[in-house]
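> I have a structure here, written as structure tokens, and I will follow up with some questions on it.
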Amino acid sequence: MNLSLTELQDIRRTLAARIVFGLSTPGTEIAALPAYLAPPPAGMTGRAVVVDAGGTNLRAAIVELMPGGASRIVAGPESARFPGGPEIAGDAFFEVQAEVVERLGAVHGLPVGYCFSYPSETLPSLDARLLRWTKGIQIPGVEGTCVGERLGRALAARRLRPGPVRVLNDTVASLLGGAFAHGGAQPAAFIGLIVGTGTNMATFLPASRIPKLKTGHFVAPMAINLENGNYNPPHLRPADAELDAASENPGAQRFEKAVSGAYLPRLFARLCPDHAPLASAADLVALREQGPDAARKVAGELLQRSADLVAAALAAVVDVLEGPAGVGVLAEGSLFWGDPRYAPRVHDTLRALVGARVEPRISRLDHVNLIGSACAALFA
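At position 302 of the sequence shown (counting the first as 1) the number is 302 in UniProt numbering, and the numbers step up by one without a gap.
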């Protein structure tokens with residue numbers, strides 16, 4: 001399953017070209033979705049309600065942003081299991097989220113940052129229309145609708161009377177949260193990265209680099225939700241094709257299916273059909289450390305290849321950013337930080353790909369999605 005450096009460079013070059021194409025052309029493999037959010041300005045302060053819907057859990061909190069990139073959780077986080085199954089459809093999905101917000105107490109008048117972690121088209125109004133479910137989630141009656149408006153209606157039905165709802169992707173939330181916390185000390189470029197149940201990246205680009213923008217008045221750098229989980233990279237293996245063909249969305253999210261925690265256990269099952277099924281990427285990490293020799297080898301190769309693919313994707317974004325001297329990566333996700341070997345492998349492979357001229361700095365920040373969502377809620 002291992003990929004050579006030559007293959008990784010090919011994956012890097014191909015993805016960079018498709019990102020550039022996605023920035024100019026709607027509906028392409030790499031959606032490169034404008035988020036209509038600029039980097040948080042110096043001095044941004046205030047309180048906001050945040051709702052984080054993605055992966056396997058829902059969270060809600062009241063977050064306060066303070067001077068100097070500081071922040072604190074004022075109430076919460078309150079959490080609940082991500083709603084799913086045949087009993088949840090349409091409005092019921094948003095009613096569950098409103099109930100979690102209600103547990104926070106008084107939210108009257110506070111703006112809402114809604115971190116919605118599925119491929120969505122963000123509108124200039126900062127609402128977002130769900131394009132498709134991923135990560136094995138399928139909730140009827142939501143695709144094609146504006147999720148911010150629907151959450152707002154569910155909150156109003158409970159007489160919570162918050163302020164406007166602004167929607168962003170979890171990767172954009174990581175990007176904003178990292179940029180807010182680092183303030184003026186950030187590197188020349190910043191990338192938000194998620195590697196957990198799913199995978200995705202986001203970065204800031206000048207409006208002039210986004211020819212498909214629907215509004216001409218946005219002059220600051222804008223957050224771009226790349227949705228690179230849908231990338232169909234070269235040099236995948238037959239087992240990847242078999243997993244894709246048997247999945248709930250054949251032909252889509254090929255990169256995510258080779259990288260993320262939702263799919264690596266399924267890929268392992270195809271490579272080691274006689275081994276007991278694994279429930280999560282954490283099981284794969286444990287198996288690499290203590291399993292039978294053959295299974296340990298496969299588990300290790302899958303995790304290493306995942307990290308190498310992520311490094312190649314980061315290198316592609318560095319190319320799109322036109323090779324800044326310093327790149328900050330704010331990484332989130334249970335796989336990225338849950339495997340102690342993962343982040344070092346990504347860093348080392350990224351350095352091998354980009355060379356000494358670019359210095360990557362990979363970091364993490366507690367509650368970064370909540371902080372970034374508060375930034376979006378308070379965006380003027």
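Note that beta-carbon positions come from the ideal geometry of N, C-alpha and C, so glycine has one too. Just so you know, these numbers come straight off a predicted model, no measurement behind them.
1. Secondary structure at F21, three-state DSSP: helix, strand or coil?
2. Can you find at least 3 beta carbon pairs, one from the stretch 329-343 and one from the stretch 30-40, that sit closer than 8 Å?
3. Decide if the stretch 18-28 is in contact with the stretch 38-53; the criterion is three or more beta carbon pairs, one per stretch, under 8 Å apart.
4. Is the beta carbon of P111 closer than 7 Å to that of A48?
5. Does DSSP put C272 in a helix, a strand or coil?
6. As an exercise, report each continuous beta strand (DSSP E) stretch of at least 3 residues that is fully enclosed by the stretch 152-183, in chain order.
7. Less than 7 Å separating the beta-carbons of V368 and G177?
8. Considering just the uninterrupted stretch of the alpha helix (DSSP H) at E102, what are its terminal residues?
9. Which first and last residues belong to the beta strand (DSSP E) in which P77 is found?
10. Can you tell me whether A258 is buried or exposed? The criterion is at least 16 other CB atoms within 10 Å of its CB, across all chains shown.
11. So, is D293 buried or exposed, given that buried needs 16 or more other C-beta atoms within 10 angstroms?
12. Using a Cβ distance threshold of 8 Å, determine whether the stretch 357-375 contacts the stretch 146-156, with at least three qualifying pairs required.
13. Quick one, which of R345, G326, F93, I194 has its alpha-carbon nearest P140's?
14. Report the option in F116, E102, W133 whose CA atom is closest to the CA atom of D127.
15. By a C-beta neighbour count over all protein chains shown, 10 Å radius and 16 as the cutoff for buried, is T6 buried or exposed?
16. Compute the Euclidean distance between the alpha carbons of L309 and V165, then round it to the nearest angstrom.
17. Under DSSP, the beta strand (DSSP E) around I362 begins and ends at which residues?
Quick look at the numbers:
1. By one-based count along the sequence shown, residue 21 stands at place 21. Helix.
2. Short answer: they don't touch.
3. no
4. In the sequence shown, counting from the first residue as 1, residue 48 sits at position 48. In the sequence shown, counting from the first residue as 1, residue 111 sits at position 111. Contact flag set, yes.
5. As a position in the sequence shown, residue 272 is number 272, starting the count at 1. In this structure, C272 counts as coil in the three-state DSSP scheme.
6. 165-168
7. Looking up residue 368 in the sequence shown gives position 368. Looking up residue 177 in the sequence shown gives position 177. Yes.
8. For the purposes of this step, residue 102 is identified with residue 102 of the sequence shown, where counting begins at 1. Counting along the chain, the alpha helix (DSSP H) containing E102 begins and ends at 91-102.
9. In the sequence shown, the residue the question calls residue 77 occupies position 77. 70-81 is the span of the beta strand (DSSP E), which, as asked, contains P77.
10. Translated into positions along the sequence shown, residue 258 becomes position 258. By the 10 Å Cβ count, A258 comes out buried.
11. Position 293 of the sequence shown holds residue 293. D293 is exposed by the Cβ-count criterion.
12. no
13. Locating residue 140 in the sequence shown gives position 140, counting from the first residue. It is F93.
14. Numbered from 1 along the sequence shown, position 127 holds the residue referred to as residue 127. Nearest option by C-alpha distance: F116.
15. Stepping through the sequence shown from its first residue, residue 6 is reached at position 6. T6 is exposed by the Cβ-count criterion.
16. The sequence position of residue 309 within the sequence shown is 309, counting from 1. The sequence position of residue 165 within the sequence shown is 165, counting from 1. Each residue's Cα considered, the two are about 35 Å apart.
17. Locating residue 362 in the sequence shown gives position 362, counting from the first residue. Taken as a continuous stretch (DSSP letters only), the beta strand (DSSP E) holding I362 covers 359-363.
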